[in-house]
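**Q**
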Amino acid sequence: MSIFSSAVLGRKYPLGRPASALLSFVVATAVGFIPGPRLDDGAPPAPESTVTQASPKASATSSSAAQAQPPASPQSPRPVARQPVQPPESGRVPLGNDASWPQCSGGLPDDPAFAIIGVNNGRANTTNPCLHQQLDWGEDAAGGTGQPRLALYVNTANPGLRGSWWPVNNEYGGKAVANPYGTCQGKEDAACAYMYGYAKAFDDAYLRTISDPETYLWWLDVETGNSWSGDRTANRADLEGMTDFFHSIGARVGIYSAARQWGQIVGEIGSASSLYSLPSWLAGAHTAADARSMCSAAPLTAGGKVVLTQFVAGGFDYNHSCV
């Protein structure tokens, strides 16, 4: 999860582009620790080519799932090294950290209050190559806040036909899916976007070797660093598909984004949407004090609540619990 301003990236992106240009915007995230959740709510950089990988044809059995989705890397990642890190001051509130593939070869802060681990390798169709080493690190989180000691986040996207896989019906994971947008017939519409999101959540839960996926809080990383349609209704359907799948297995769901980027990708959410009451994890703070003050910011959805805010210090992502 990492969105940087055009000023940081040294690029320009036209804010007043025509609707036809919105059909597919893809933004590179190519600075520093990316795309572990870090997002500054600046203007997105210029669009680049879509980067997607084939989605496996999921089955109801774990053996076929393992065959459908090979490991992201044929090599075993290096173990995560511990290193003492002095956390920034955040008043009396202990801080958490998030980490993903960019931190695979480096150290991580000792004794976070809570940890949030990225399941993917930067794109929705991939697996973090050091996922289990980082899960082991997160298991040692100290606790003591209103957050789960260990949570997960996943990359999200809605590439449409520009991706290398796109659904053609309402079946996935060996069963028919109840689709509130109707029947997917392989088109770039809300019905197929819903199925794409459902499929990616299924993959994250069952093909990424996550044990007991129903026990976690899953954060949806929504940022312009991945591929999205210019149709915000379709993008909303995509995220609803992910949310509905996670809810179907009993897991909790939240949204990570910044107000400007969320508005660009999804827009306002009505009360009938399964996204409406999800908690918000807001990015964009520059200091611990900024992160504390952002707890009073508006949530990403009108029915939600800001429960986490994020800032960067000393090369690491820190998170302030608002609860």
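Counted from 1, the sequence shown has number 310 at position 221 by the working numbering; the numbering is strictly sequential.
C-beta: ideal position from N, C-alpha, C; glycine also.
Alpha carbons only, please: which of Trp370, Ala386 and Asn268 is nearest the one belonging to valine 342?
**A** Trp370
**Q** So, does the region 266-282 touch the region 301-312, judging by three or more C-beta pairs under 8 Å?
**A** no
**Q** Quick one: Cα of phenylalanine 291 to Cα of serine 300, how far?
**A** 13 Å
**Q** Please report the residue range of the alpha helix (DSSP H) in which tyrosine 283 lies.
**A** Element bounds for tyrosine 283: 279-295.
**Q** What is the rounded straight-line gap between the Cα of leucine 328 and the Cα of threonine 245?
**A** 8 Å
**Q** Take the Cβ of leucine 224 as the centre, count every other Cβ of all protein chains shown within 10 Å, and call the residue buried at 16 or more, exposed below.
**A** buried
**Q** Helix, strand or coil: which one does DSSP assign to glutamate 260?
**A** strand
**Q** Rounding to the nearest angstrom, what Cα-Cα distance links valine 182 and alanine 265 in this structure?
**A** 46 Å
**Q** Using the Cα positions of alanine 340 and glycine 195, report the straight-line distance between them to the nearest angstrom.
**A** If you draw a straight line from the Cα of alanine 340 to the Cα of glycine 195, it comes to about 30 Å.
**Q** For the structure I just gave you, are there three or more beta carbon pairs, one from the region 353-364 and one from the region 184-200, closer than 8 Å?
**A** no
**Q** Let's see if you can read the secondary structure: which residues bound the beta strand (DSSP E) around alanine 231?
**A** No beta strand (DSSP E) contains alanine 231, which DSSP labels as neither H nor E.
**Q** Quick one: does the C-beta of leucine 224 sit closer than 7 Å to a heavy atom of the ligand MN?
**A** Judged by which ligands are present, the structure shown has none, so any question about the ligand MN falls away.
**Q** Looking only at its own chain, which residues have a Cβ that is under 8 Å from the Cβ of tyrosine 242, when we skip the five neighbours before and after it?
**A** Met90, Pro126, Asp187, Ser189, Ile205, Ile206, Gly207, Val208, Trp307, Trp308, Leu309, Asp310 and Tyr345
**Q** Identify whether glycine 249 lies in helix, strand or coil by the three-state DSSP scheme.
**A** helix
**Q** Compare the Cα-Cα distances from asparagine 258 to each of Met284, Gly233 and Gly185 and report the closest residue.
**A** Met284
**Q** Just the C-alpha distance for glycine 252 and glycine 330, rounded to the nearest angstrom, thanks.
**A** 18 Å
**Q** Can you name the residues that DSSP bridges to tryptophan 308?
**A** Tyr242 and Gly343
**Q** Please go through the same chain and pick out, in chain order, the residues whose beta-carbon is closer than 7 Å to the beta-carbon of cysteine 411, but skip the five residues on each side of it.
**A** So the list reads Cys384, Val395, Val396, Leu397 and Thr398, once near-sequence residues are dropped.
**Q** Which residues share a DSSP beta bridge with glutamine 399?
**A** Asn408
**Q** Considering serine 413, what are the terminal residues of the alpha helix (DSSP H) in which it resides?
**A** The displayed coordinates of the chain run from 90 to 412. Any statement about residue 413 would go beyond what the structure contains.
**Q** If alanine 326 and tyrosine 270 are in contact, beta carbons under 8 Å, what's the gap, nearest whole angstrom?
**A** 5 Å between Cβ atoms; contact.
**Q** For alanine 386, I'd like the list of residues in its chain whose CB is within less than 7 Å of its CB, leaving aside the five on either flank, ordered along the chain.
**A** Leu371 and Val395
**Q** According to DSSP, is tryptophan 317 helix, strand or coil?
**A** strand
**Q** Of all the options Trp226, Ala294, Arg212 and Pro388, which has the alpha carbon lying nearest to the alpha carbon of proline 248?
**A** Arg212
**Q** So is phenylalanine 400 buried or exposed if we call it buried at 16+ other beta carbons inside 10 Å?
**A** buried
**Q** What does the Cβ neighbour count give for glycine 404, buried or exposed, with the cut at 16 atoms within 10 Å?
**A** Exposed is the call here.
**Q** What do you reckon, are the CB atoms on proline 368 and isoleucine 338 nearer than 8 Å?
**A** no
**Q** Just to confirm the assignment, what range does the beta strand (DSSP E) spanning aspartate 187 have?
**A** 184-188
**Q** Should alanine 402 go down as buried or exposed, given a rule of 16 or more other Cβ atoms within 10 Å for buried?
**A** buried
**Q** Report the three-state DSSP secondary structure of alanine 323 (helix, strand or coil).
**A** Assignment of alanine 323 by DSSP, reduced to helix, strand and coil, places it in the helix class.
**Q** Count the other CB atoms, across all protein chains shown, that sit within 10 Å of the CB of leucine 250; report buried if there are 16 or more and exposed otherwise.
**A** Counting the other Cβ atoms within 10 Å of the Cβ of leucine 250 gives fewer than 16, which makes it exposed.
**Q** Specify the secondary structure class of alanine 377 as computed by DSSP and reduced to three states.
**A** helix
**Q** Around the C-beta of histidine 375, are 16 or more other C-beta atoms found within 10 angstroms, so that it is buried, or is it exposed?
**A** exposed
**Q** Nearest-angstrom Cα distance between asparagine 217 and glycine 392?
**A** 32 Å
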